[in-house]
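J.:
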Amino acid sequence: MNENADTSSMSDHAAWFLLVARALREVGFGVVAIILPLYWHEQHISAFEIGALFTVALLGSSLISMWIGRYVDRFGRRRLLLLSSFLWLLAAPFLLITKEPFALGVIIILGSISPTGKEVGLFLGIEQAMLSRLATGHARTKTYAWFTLVGYVATAAGALIAASLGFGLGHASEISAGLFRVIILSYSAIALVQLILYSLVPQSVEQVYTPTGSEEPTRRHRPTPEVRKVVRTLTALFAVDAFGSGLIVQGLLVYWFRVKFGFDLTQIGLLFFGTNLFSALSSLVAAWVSKRFGLLNTMVFTHLPSNILLALVPFAPSGLLAAIVLLVRHMLSQMDVPTRQAYTMAIVDAEDRGYLATTTNGARSLGTGASPLIAGVFLSNVSLFAYPFVIAGGLKAAYDLIIFTIFRKVPTPYTDT
Numbered sequence: 395m396n397e398n399a400d401t402s403s404m405s406d407h408a409a410w411f412l413l414v415a416r417a418l419r420e421v422g423f424g425v426v427a428i429i430l431p432l433y434w435h436e437q438h439i440s441a442f443e444i445g446a447l448f449t450v451a452l453l454g455s456s457l458i459s460m461w462i463g464r465y466v467d468r469f470g471r472r473r474l475l476l477l478s479s480f481l482w483l484l485a486a487p488f489l490l491i492t493k494e495p496f497a498l499g500v501i502i503i504l505g506s507i508s509p510t511g512k513e514v515g516l517f518l519g520i521e522q523a524m525l526s527r528l529a530t531g532h533a534r535t536k537t538y539a540w541f542t543l544v545g546y547v548a549t550a551a552g553a554l555i556a557a558s559l560g561f562g563l564g565h566a567s568e569i570s571a572g573l574f575r576v577i578i579l580s581y582s583a584i585a586l587v588q589l590i591l592y593s594l595v596p597q598s599v600e601q602v603y604t605p606t607g608s609e610e611p612t613r614r615h616r617p618t619p620e621v622r623k624v625v626r627t628l629t630a631l632f633a634v635d636a637f638g639s640g641l642i643v644q645g646l647l648v649y650w651f652r653v654k655f656g657f658d659l660t661q662i663g664l665l666f667f668g669t670n671l672f673s674a675l676s677s678l679v680a681a682w683v684s685k686r687f688g689l690l691n692t693m694v695f696t697h698l699p700s701n702i703l704l705a706l707v708p709f710a711p712s713g714l715l716a717a718i719v720l721l722v723r724h725m726l727s728q729m730d731v732p733t734r735q736a737y738t739m740a741i742v743d744a745e746d747r748g749y750l751a752t753t754t755n756g757a758r759s760l761g762t763g764a765s766p767l768i769a770g771v772f773l774s775n776v777s778l779f780a781y782p783f784v785i786a787g788g789l790k791a792a793y794d795l796i797i798f799t800i801f802r803k804v805p806t807p808y809t810d811t
């Protein structure tokens with residue numbers, strides 16, 4: 395009894411540490427994803443250069459995640475999170491002292507700069523694998539739903555903070571060097587708090603296994619060919635979906651609403667506060683829906699209509715209507731996130747989850763990474779402003795149909811482990 399109670403208490407503490415770390419991280423992502431492109435725009439960095447830097451951020455992050463993916467449990471989950479937080483703490487302040495493109499590219503990779511307002515780096519994949527050890531069955535889906543909700547609420551809070559900064563600027567609208575310094579140093583402080591939180595996470599979140607014929611547990615697990623095939627398939631599909639998402643990352647949407655409709659910092663901050671808040675609330679609905687209709691069905695049939703709405707955004711005749719269509723889209727678009735996380739954890743055994751989570755999350759960043767550069771080209775020409783939305787909506791809808799076709803008969807034997 396006492397041993398079970400101690401184990402449960404440790405699991406609860408681990409989940410809370412991870413939850414708080416994600417909340418703080420997403421607040422930072424939410425602020426910086428709005429402030430940074432506006433500040434760079436005011437510093438006369440072009441749309442093409444901004445798109446290129448966002449591409450560098452996402453590609454660099456994804457390649458690191460996919461390279462480390464197969465070895466995450468060998469290196470240690472806590473160790474990798476601590477290292478990532480340390481690099482963030484070290485690199486982010488250098489945004490204050492350079493505008494040189496190559497240097498900025500290195501900084502935004504090491505400094506965990508998110509052009510999307512959402513996850514970059516190793517954090518989410520490793521935390522997802524950690525949480526899979528703390529809950530099973532429908533409880534795991536609910537855990538991921540709350541984890542997703544906290545992430546989007548925190549990102550929404552970051553956008554609201556950016557909007558409040560816009561109120562402070564008044565008619566000046568431009569972001570001063572002093573304000574930018576405060577934002578970047580605050581962003582660096584989040585990395586320091588993460589370092590402390592991850593150091594408190596217990597060893598129980600690490601994954602070990604005992605090979606057949608051995609009594610000694612080890613971290614040196616090698617995925618089977620069948621598991622690698624599943625991961626490769628998911629990697630390809632998630633990359634297609636993410637490529638579409640990369641055409642409309644939050645940083646570029648900020649730029650789009652600013653240039654096309656003249657939205658100021660306050661309006662942009664409030665808009666993305668709303669999109670993230672709706673995304674957060676939809677994650678809880680996803681847990682309820684998936685219990686009745688299944689994980690895969692919830693993934694696909696909430697995501698598909700949201701992508702049709704995405705393609706319609708640029709055809710709205712006013713900024714207000716474009717914002718409304720985007721907000722309605724976000725009531726549905728992220729319901730696939732907790733269900734996707736729970737589904738992928740249910741189709742592989744515990745020893746393969748760190749590999750699957752970091753690799754597929756890396757693939758999403760890889761897919762997203764190439765497209766901001768393309769979107770930057772479109773956004774450099776007003777006559778092409780609709781293209782990112784239409785292409786993104788079409789690609790993401792195709793992903794929905796393909797993943798349903800391939801996986802609709804694939805069993806989920808590890809739901810309760």
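Everything in the sequence shown is counted per my numbering, starting at 395 for the first residue and increasing by one.
Every residue gets a Cβ at the ideal spot worked out from N, C-alpha and C, and that includes glycine.
1) Using a threshold of 8 Å, state whether the C-beta atoms of V625 and T809 are closer than that.
2) Which one of W650, R652, I785 and F632 has the shortest CA to CA distance from V344?
3) Could you pull out every residue in the same chain whose Cβ sits closer than 7 Å to the Cβ of A539, ignoring the five residues on either side in sequence?
4) With C-beta atoms as the reference, is A674 less than 8 Å away from Y546?
5) Taking only runs that begin and end inside the region 711 to 792, name each unbroken beta strand (DSSP E) of 3 or more residues, in chain order.
6) Please tell me whether L690 and Y649 are closer than 8 Å, where the distance is taken between their beta carbons.
7) Rounding to the nearest angstrom, what Cα-Cα distance links L773 and A441 in this structure?
8) Please specify which runs of the beta strand (DSSP E), each continuous and at least 3 residues long, are wholly inside the region 508 to 591, giving them in chain order.
9) Is S700 near R686, with beta carbons less than 8 Å apart?
10) Would you call the CB atoms of I502 and A553 closer than 8 Å?
11) Quick check: what's the CA-CA separation for A551 versus P619?
12) Which term fits K512, buried or exposed, when burial requires 16 or more other beta carbons within 10 angstroms of its beta carbon?
13) Taking the continuous alpha helix (DSSP H) assigned at G638, which residues delimit it?
14) Taking the alpha carbon of Q597 as the point to measure from, which residue in L525, V683 and A485 has its own alpha carbon closest?
15) How many angstroms separate the CA atom of S508 from the CA atom of G531?
16) Pick out whichever of L628, P495, R473 and W482 has its Cα sitting closest to the Cα of G505.
17) Taking 8 Å as the cut-off, decide whether the C-beta atoms of L489 and L659 are in contact.
18) Could you tell me the boundaries of the alpha helix (DSSP H) in which P805 lies?
19) In whole angstroms, what separates the C-alpha of L646 from that of V683?
20) Under three-state DSSP, which class holds Q437?
21) Here's the rule: buried if 16 or more other CB atoms are within 10 angstroms of the residue's CB, otherwise exposed. What is I662?
22) Can you tell me the Cα-Cα spacing of S712 and F783, whole angstroms?
23) So, using beta-carbon positions, are G748 and R471 closer together than 8 Å?
24) Return the CA-CA distance between L789 and A636, expressed in angstroms with no decimal places.
25) On a CA-only basis, which of A716, T692, A409 and F469 is nearest L665? Give me that one, please.
26) What's the call for E420, buried or exposed, on a 16-neighbour Cβ count within 10 Å?
27) Please return the same chain residues whose Cβ sits closer than 6 Å to the Cβ of T401, not counting the five positions on each side in sequence.
28) If you run the structure through DSSP and keep just helix, strand and coil, what is P487?
29) According to DSSP, is D810 part of a helix, a strand, or is it coil?
30) Kindly indicate which three-state DSSP category R416 falls into: helix, strand or coil?
31) Of all the options V514, I702 and Q728, which has the alpha carbon lying nearest to the alpha carbon of V719?
32) Locate the alpha helix (DSSP H) running through S673, then write down its first and last residues.
33) Applying the 10 Å Cβ sphere with the 16-neighbour rule, what's the burial state of Q735?
34) With distances taken from CA atoms, which of W434, A705 and A751 is nearest W461?
T.: Looking at the coordinates:
1) In terms of Cβ geometry, V625 and T809 do not form a close pair [threshold 8 Å].
2) Coverage of the chain is limited to positions 395 through 811, which leaves residue 344 absent and any answer about it impossible.
3) These residues qualify, in order along the chain: S677, L678, A680, A681 and P732.
4) A contact, by the Cβ cut-off of 8 Å.
5) Qualifying beta strand (DSSP E) stretches: none in this window.
6) For L690 and Y649, no; Cβs fall outside 8 Å.
7) Cα to Cα, L773 sits roughly 7 Å from A441.
8) The qualifying runs do not exist here; there are none.
9) Contact flag unset, no.
10) Taking C-beta atoms as the reference points, I502 and A553 fail to come closer than 8 Å.
11) Their Cα atoms are separated by approximately 43 Å.
12) By the Cβ-count criterion, K512 is buried, with 16 or more other Cβ atoms from all chains shown falling within 10 Å of its own Cβ.
13) For G638, the enclosing alpha helix (DSSP H) covers residues P619 to G640.
14) Ranking L525, V683 and A485 by Cα distance to Q597 puts L525 first.
15) The alpha-carbon separation between S508 and G531 amounts to approximately 32 Å.
16) G505 has its Cα closest to that of W482, out of L628, P495, R473 and W482.
17) Between L489 and L659, the gap from beta carbon to beta carbon reaches 8 Å or more.
18) First-last for P805: undefined, no H or E at that position.
19) Using only the alpha carbons, I get a separation of about 32 Å.
20) In the structure shown, Q437 falls within a coil segment according to DSSP collapsed to helix, strand and coil.
21) With a threshold of 16 other beta carbon atoms within 10 Å, I662 meets it and is buried.
22) Each residue's CA atom was taken as its position, placing S712 and F783 some 16 Å apart.
23) Going by C-beta atoms, G748 is nearer than 8 Å to R471.
24) Approximately 9 Å between the Cα atoms of the pair.
25) Restricting attention to A716, T692, A409 and F469, the CA atom closest to the CA of L665 is found in A716.
26) Buried, because 16 or more other Cβ atoms sit within 10 Å of the Cβ of E420.
27) Per-residue confidence for T401 stands at a pLDDT of 49, beneath the threshold of 50, marking its modelled position as unreliable; the derived number appears in the next sentence. Excluding sequence positions up to five before and after T401, its CB lies less than 6 Å from no other CB in the same chain.
28) Here DSSP, grouped into helix, strand and coil, assigns P487 to helix.
29) Looking at D810 - three-state DSSP - the assignment turns out to be coil, as it is neither helix nor strand.
30) Look at R416 here: in three-state DSSP terms it is helix.
31) Out of V514, I702 and Q728, I702 has the C-alpha closest to the C-alpha of V719.
32) It spans L659 to F687 - the alpha helix (DSSP H) in which S673 sits, taken as one unbroken run.
33) By the 10 Å Cβ count, Q735 comes out buried.
34) The candidate whose alpha carbon is nearest that of W461 is A751.
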